[in-house]
Amino acid sequence: VNLYVHVPFCARRCSYCDFAIAVRRAVPAAAFVRSVLQEWGWARQDAPWSEARSLRTLYLGGGTPSLLGGVALRELVVGLAREKPLAHDAEVTIEANPEDVTLDAALAWRDLGVTRVSLGVQSFDDRVLAWMHRIHSAAQVPNAVRHLRHAGITNLSLDLIFAVPRDLARDWPQDLARALDLGPEHISLYGLTVEPHTPLGRWTTSGTAIPAPEDQYAEEYLAAHATLHAAGFAFYEVSNASRPGFEAVHNGGYWRRAAFLGLGPSAHSGAGNRRWWNVRHWSAYQPRVSAGLSPIDREEVLSREAEGLERLYLGLRTSTGVEPRLLGGLADAWVRAGWAEAAGHNVRLTPEGWLRLDALAASVPA
Ligand code: SF4
């Protein structure tokens with residue numbers, strides 16, 4: 006089973022974030038673990054999970070899973086692995102914010118079988134971090150990394166956000182250099198997008214924040230490609246780069262259209278051409294599960310056409326690319342424009358192509 010657990014709590018909402026989270030100082034960890042284990046108890050009896058013997062990947066995402074605390078986290082992981090143990094080579098990822106990474110926490114995660122930590126760094130500029138409403142300071146990041154390494158975490162991913170408003174005068178090359186100085190195995194990059202129901206959305210409407218123009222977005226994205234490539238990283242997906250052998254296994258499953266099960270509020274699941282997802286908010290999820298009701302909100306079956314589009318879009322996101330015949334005769338034009346290149350029998354997007362991913366995918370005739 007490729008298992009995702011959405012931990013929906015954060016200590017504070019970041020200014021750009023519209024995820025399904027509940028802001029809590031004190032996290033209702035015991036109730037959360039009880040609900041998720043109950044949902045798991047139901048889901049694992051259904052196909053295709055009922056046939057699986059073990060957990061191939063486990064991804065604790067959010068929200069802020071590192072807020073759960075050692076006791077709850079142990080109960081959660083032990084409970085999930087009771088019927089279907091972690092495979093001997095399972096990838097077990099936890100997303101963590103730097104302020105939560107103490108040496109004790111890191112040792113406890115390692116002890117539980119965590120093999121990979123994805124650290125929400127975003128920037129090394131304290132002014133930018135404050136603007137983002139992040140809780141940590143830049144100085145906390147190297148400490149967090151030291152604790153994780155000391156605890157034996159050998160697969161470390163750092164998240165960085167680019168294309169922040171120009172008037173913040175953020176030094177992107179310096180942030181990239183500081184991230185590389187910490188010696189991560191993996192880096193995820195997110196271009197800042199303005200979502201309407203967020204503080205950033207309101208600042209943009211009122212003119213207090215001016216979003217980065219397209220040329221800055223492109224410049225920073227391409228600069229990241231050049232810098233990370235020179236440091237021995239390869240982009241294996243539009244937003245993800247790693248050292249060889251450190252590509253994310255769990256997320257790779259999504260892009261290959263492997264079956265995945267999501268537990269917790271707003272979690273999505275998919276198997277074959279079926280997709281389903283849970284109610285979005287903790288305040289709706291928890292009462293349903295504790296009343297013995299399924300938290301699934303909706304379910305859909307992809308048409309052949311929708312499945313084809315999904316296959317095309319996911320393929321174009323990755324460095325594996327897609328078979329040229331799926332591009333409806335556009336492959337040569339894309340290659341001539343510098344947006345695509347041959348990759349064995351496939352065609353894959355170049356960094357310039359990934360900048361235009363949505364538009365290119367949408368332009369392919371059905
Ligand atoms: S920590 Fe992550 S999930 Fe939580 S508010 Fe910030 S961006 Fe959103």
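In this text, residue positions in the sequence shown follow the working numbering: the first is 6, and each later residue adds one.
Idealized CB from N, CA, C, for every residue including glycine.
What you are looking at is a predicted structure, and each value in this text was computed from that prediction instead of being measured.
Boundaries of the beta strand (DSSP E) around residue 240: 239–242. Under the DSSP assignment, residue 346 falls in the beta strand (DSSP E) whose first and last residues are 345–348.
Taking every protein chain shown into account, the CB of residue 210 has fewer than 16 other CB atoms within 10 angstroms, so this residue is exposed. Not one heavy atom of ligand 1 is found less than 6 Å from the C-beta of residue 206. Taking all protein chains in view, the Cβ of residue 50 is surrounded by fewer than 16 other Cβ atoms within 10 Å, so the residue is classified as exposed.
The beta carbon of residue 324 sits closer than 8 Å to the beta carbons of 239, 240, 241, 242, 348 and 353 from its chain, once the five residues preceding and following it are set aside; these are given in chain order. Residue 287 is bridged by DSSP to nothing; it lacks a bridge partner. For ligand 1, no non-hydrogen atom lies closer than 6 Å to the CB of residue 129. Here residue 206 has 199 and 200 as same chain residues with Cβ atoms under 7 Å from its own Cβ, once five neighbours each way along the sequence are excluded.
Ranked by Cα distance from residue 180, the options 131, 190, 140 and 220 are led by 131.
Secondary-structure assignment with DSSP links residue 164 through a beta bridge to 125 and 193.
In the DSSP assignment, residue 131 falls outside any beta strand (DSSP E) and within the unbroken alpha helix (DSSP H) covering 131–136.
Sixteen is the threshold: since fewer than 16 other Cβ atoms of the shown chains lie within 10 Å of the Cβ of residue 215, the residue is exposed. Between residue 274 and residue 285, the C-beta gap is not smaller than 7 Å, which leaves the two residues out of contact. Taking the C-beta atoms as reference points, residue 108 is found no nearer than 7 Å to residue 138. With at least 16 other beta carbons inside 10 angstroms of its own, residue 100 counts as buried.
Using a cutoff of 6 Å, the CB of residue 316 does not count as near ligand 1, since none of the ligand's heavy atoms is closer than that.
A residue is called buried once 16 or more other Cβ atoms fall within 10 Å of its Cβ, and residue 195, having fewer, is exposed.
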